[in-house]
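Trainee: Dumping the structure here so I can ask a few things about it.
There are 2 protein chains.
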Amino acid sequence: MTQQSPHPTLTPEEIRGELKQAGMRPTAQRLTICQYILNQANHPSVEDIKAWVDAKFPGISLATVYNTVHALETAGLVQAIRFDHSDKVIYDRNTEPHFHFLDEDSGTLHDIQSDQVQINLNLPEDIRVNDISILIRGKRQ
Amino acid sequence: MTQQSPHPTLTPEEIRGELKQAGMRPTAQRLTICQYILNQANHPSVEDIKAWVDAKFPGISLATVYNTVHALETAGLVQAIRFDHSDKVIYDRNTEPHFHFLDEDSGTLHDIQSDQVQINLNLPEDIRVNDISILIRGKRQ
DNA sequence: CGCGTATTTTAGAATGATTCTAAATAGAAT
DNA sequence: ATTCTATTTAGAATCATTCTAAAATACGCG
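Next comes the structure, spelled out in structure tokens:
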């Protein structure tokens, strides 16, 4: 198995704290969305989030889900990513530098910790690299 | 400078030949589109293609551009890619394995040849890698 | 050349994700 | 409580892309 990322489960109180610290009001909608994104989900799309949250919070507006993920992104609590294999943006609670593995059989995305990949770039001198994004596609044997 | 990819300019006749070889009829629309994608463009979006072709071939249908890039993709003459920084698919005439550099100042995308990057993966035994996609973001000093 | 058929082009409608709008609601500070 | 600002919401708008069904075109064959 690909190593699990270090994402401790947050209590509702801790989530509330994170939101406040980010200057976001800890509304019921946001707490529920965070419960999913920060604790349970694995690289969910907005559609995924809406579906899960709808069960706990029937009738939540799709716009609220979009508003919230944007706010969380701005606050640095999640990272928005888009990969080739899907036309939807997915949200990643892991905001540390890391890479991704797409299991082509299951369609699931897994984190690859930075230390599992060594990269050696042989680029022109004048290039200053700010970020490297890597998607590894493959299968389990 | 990032090394140029080996893309010789193709004559109209050569383009015609490529299309025929791919089982595609070399229509005027397709020849014009290929003239741009295969000879002139650098990672163009459909919008880019449409704009350029429109000058040579006024009134070409947007649907034709989509149809053509799809056909070229199926034929293996171009590769469709989508990166985080844009919500549009771009087309790459370089179908060899390679990576990309995004110049954050100009917004332009450059090919990085495979041999300019050495990757060492330390992944679980049971993972069989089929493809690695890399986007390097940075600036020129 | 001219005919028949499969391919291609086309305009416009449809789709799907996302963003915008403007009004209603809820939090927080006084 | 009152007020001010942030948040939520439904629905409309937008944007890239795909679909549809009809018209135009390319190509093989006589």
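Residue numbers (the working numbering), protein chains in the order written: chain R, 1 to 141; chain L, 142 to 282.
From the three backbone atoms N, C-alpha and C, an ideal C-beta is built for every residue, glycine too.
This one's a predicted model, so the numbers in the text were calculated from it and none came from an experiment.
Along chain L, which residues have their Cβ under 9 Å away from the Cβ of Leu121 of chain R?
Mentor: Taking the first sequence and counting its residues from 1, the one referred to as residue 121 of chain R is at position 121. By Cβ distance, chain L contributes Ile253, Gln257, Val258, Gln259, Ile277.
Trainee: Do you know how far the Cα of Glu155 of chain L is from the Cα of Asp256 of chain L?
Mentor: Counted from its first residue, the second sequence places residue 256 of chain L at position 115. Counted from its first residue, the second sequence places residue 155 of chain L at position 14. Distance between the alpha carbons of Asp256 of chain L and Glu155 of chain L is about 29 Å.
Trainee: What residue range is occupied by the uninterrupted alpha helix (DSSP H) comprising Lys161 of chain L?
Mentor: Taking the second sequence and counting its residues from 1, one reaches residue 161 of chain L at position 20. That run of the alpha helix (DSSP H) goes 153-162.
Trainee: For Val117 of chain R, does the three-state DSSP call read helix, strand or coil?
Mentor: In the first sequence, counting from the first residue as 1, residue 117 of chain R sits at position 117. Residue state, collapsed to three classes: strand.
Trainee: Using a Cβ cut-off of 7 Å, pull out every chain L residue sitting near Ile132 of chain R, in sequence order please.
Mentor: Taking the first sequence and counting its residues from 1, one reaches residue 132 of chain R at position 132. Here the neighbours are Ile275, Ile277.
Trainee: Check the DSSP bridge columns for Gly138 of chain R and list the partner residues they point to.
Mentor: Counting from 1 along the first sequence, the entry for residue 138 of chain R is found at position 138. Bridge partners of Gly138 of chain R: R:Asp103, L:Val270.
Trainee: Quick one, which of R:Lys50, R:Arg16, R:Leu121, R:Asp103 has its alpha-carbon nearest Asp267 of chain L's?
Mentor: Position 126 of the second sequence, counted from the first residue, corresponds to residue 267 of chain L. The residue with the shortest Cα to Cα distance from Asp267 of chain L is R:Asp103.
Trainee: For Tyr232 of chain L, report the span of its beta strand (DSSP E) as first-last.
Mentor: On the second sequence, position 91 is the one that residue 232 of chain L refers to. Taken as a continuous stretch (DSSP letters only), the beta strand (DSSP E) holding Tyr232 of chain L covers 231-233.
Trainee: So, helix, strand or coil for His226 of chain L, using DSSP?
Mentor: The count along the second sequence starts at 1 and reaches residue 226 of chain L at position 85. Coil at His226 of chain L, not helix or strand.
Trainee: Within the region 171-222 of chain L, note down every full beta strand (DSSP E) run reaching 3 residues or more, in order along the chain.
Mentor: Listed in chain order, they are 220-222.
Trainee: Sorted by chain position, which residues of the same chain lie with C-beta nearer than 6 Å to Met165 of chain L's C-beta, five sequence neighbours on each side aside?
Mentor: Residue 165 of chain L sits at position 24 when you count from the first residue of the second sequence. Ala212.
Trainee: Do Ser45 of chain R and Val89 of chain R come within 8 Å of each other at the CB atom, strictly closer than that value?
Mentor: Position 89 of the first sequence holds residue 89 of chain R. Position 45 of the first sequence holds residue 45 of chain R. For Val89 of chain R and Ser45 of chain R, yes; Cβs fall inside 8 Å.
Trainee: Taking Lys50 of chain R as the query, report the chain L residues whose CB atoms sit under 7 Å from its CB, ordered along the chain.
Mentor: Taking the first sequence and counting its residues from 1, one reaches residue 50 of chain R at position 50. Near Lys50 of chain R there are no residues of chain L at all, since even the closest Cβ is about 20 Å away, more than 7 Å.
Trainee: If the criterion is Cβ atoms closer than 8 Å, does the pair Leu31 of chain R and Pro12 of chain R meet it?
Mentor: Position 31 of the first sequence, counted from the first residue, corresponds to residue 31 of chain R. Position 12 of the first sequence, counted from the first residue, corresponds to residue 12 of chain R. In this structure, Pro12 of chain R lies closer than 8 Å to Leu31 of chain R by Cβ.
Trainee: Strictly by DSSP, which residues pair up with Leu123 of chain R?
Mentor: Numbered from 1 along the first sequence, position 123 holds the residue referred to as residue 123 of chain R. The partner list for Leu123 of chain R (beta bridge, DSSP) is empty, contrary to what the question assumes.
Trainee: What's the call for Ser106 of chain R, buried or exposed, on a 16-neighbour Cβ count within 10 Å?
Mentor: In the first sequence, counting from the first residue as 1, residue 106 of chain R sits at position 106. Ser106 of chain R comes out exposed.
Trainee: I'd like the list of long-range same chain contacts for Ile277 of chain L, defined as Cβ closer than 6 Å, with 5 residues on each side in sequence excluded.
Mentor: Residue 277 of chain L sits at position 136 when you count from the first residue of the second sequence. Phe242, listed in sequence order.
Trainee: If you draw a straight line from the C-alpha of Gln35 of chain R to the C-alpha of Thr108 of chain R, how long is it?
Mentor: Numbered from 1 along the first sequence, position 35 holds the residue referred to as residue 35 of chain R. Numbered from 1 along the first sequence, position 108 holds the residue referred to as residue 108 of chain R. Taking the straight line from one Cα to the other gives about 20 Å.
Trainee: Name, please, each residue of chain R whose Cβ falls closer than 9 Å to the Cβ of Ile268 of chain L.
Mentor: Here residue 268 of chain L corresponds to residue number 127 of the second sequence, with the count starting at 1. Within 9 Å Cβ-Cβ: Thr2, Phe101, Asp103, Ile136, Gly138, Lys139, Arg140, Gln141.
Trainee: Roughly how many angstroms separate the alpha carbons of Asn183 of chain L and Asp189 of chain L, rounded to a whole number?
Mentor: If you number the second sequence from 1, residue 183 of chain L lands on position 42. If you number the second sequence from 1, residue 189 of chain L lands on position 48. Going by the C-alpha atoms only, they are around 10 Å apart.
Trainee: Taking 7 Å as the limit between beta carbons, can you name the residues of its chain near Ala75 of chain R, skipping five residues before and five after?
Mentor: For the purposes of this step, residue 75 of chain R is identified with residue 75 of the first sequence, where counting begins at 1. Excluding residues within five positions, the ones whose Cβ falls inside 7 Å are Ala22, Met24.
Trainee: When you compare only the Cα positions, how much space is there between Asn271 of chain L and Asn120 of chain R?
Mentor: Counted from its first residue, the second sequence places residue 271 of chain L at position 130. Counted from its first residue, the first sequence places residue 120 of chain R at position 120. Cα to Cα, Asn271 of chain L sits roughly 20 Å from Asn120 of chain R.
Trainee: For the ligand MN, any of its heavy atoms closer than 7 Å to the Cβ of Asp252 of chain L?
Mentor: Because no ligand of any kind appears in the structure shown, any question about the ligand MN cannot be addressed here.
Trainee: Smallest Cα separation from Asp111 of chain R: which of R:Thr68, R:Gly17, R:Val117, R:His98?
Mentor: Numbered from 1 along the first sequence, position 111 holds the residue referred to as residue 111 of chain R. Considering only alpha carbons, the answer is R:His98.
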